[in-house]
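Under this note's numbering, the first residue of the sequence shown carries the number 32, and numbering increases by one thereafter.
Just so you know, even glycine gets a beta-carbon here, dropped at the ideal spot from N, CA and C.
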Amino acid sequence: MGGHRLLALTTLLMTGLLAVTVTDLSLTSAVGTGGPVLIALGPLLIGGIAGSMLWIAGRLQDVTRVVQARAAHRPQLVGTVEAGPGHEARSASSRVG
Numbered sequence: 032m033g034g035h036r037l038l039a040l041t042t043l044l045m046t047g048l049l050a051v052t053v054t055d056l057s058l059t060s061a062v063g064t065g066g067p068v069l070i071a072l073g074p075l076l077i078g079g080i081a082g083s084m085l086w087i088a089g090r091l092q093d094v095t096r097v098v099q100a101r102a103a104h105r106p107q108l109v110g111t112v113e114a115g116p117g118h119e120a121r122s123a124s125s126r127v128g
């Protein structure tokens, strides 16, 4: 999963959680009718600015590339056929038993 997708999914999840919180009547009575909207938009604005300043999306892409490169070099354990020197004898001996 790319860095942008992960960031977008995280943002959607947090926005959904904020939407549930903002509709709470006790919060509206405590901060007024405009307060919940500011509570929801404030962190999104601050997070967007901080993310842009810290190049978070680019760093997530770099991490994604590293993880994908490491996963591509690992042998797959499910459904693989052993090949190469030394594997023929083990495969033959495991068939005999």
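Range covered by the alpha helix (DSSP H) that runs through residue i
i	result
GLY79	66-85
THR59	56-62
Cβ pair residue i, residue j closer than 8 angstroms
i	j	result
THR64	LEU58	no
ALA88	LEU38	yes
Distance between residue j and residue i (C-alpha atoms, nearest Å)
i	j	result
SER83	VAL94	17 angstroms
ALA100	ILE77	33 angstroms
ALA123	ARG105	The pLDDT assigned to ALA123 is 47, lower than 50, so where the model puts this residue is not dependable; a value taken from the coordinates is nonetheless given after this. For ALA123 and ARG105, the distance between alpha carbons rounds to 24 angstroms.
GLN92	ALA50	28 angstroms
VAL98	ALA61	46 angstroms
ARG90	ALA102	18 angstroms
LEU85	GLY66	28 angstroms
GLY79	THR42	10 angstroms
THR134	HIS35	There is no way to answer for residue 134, as the model of the chain reaches only from 32 to 128.
ALA81	LEU75	10 angstroms
Residue i at chain D interface by Cβ criterion, 8 angstroms
i	result
THR95	Protein chains in the displayed structure number just one, and chain D is not present.
Does the segment 71-86 touch the segment 42-62, meaning 3 or more C-beta pairs lie closer than 8 angstroms?
-> yes
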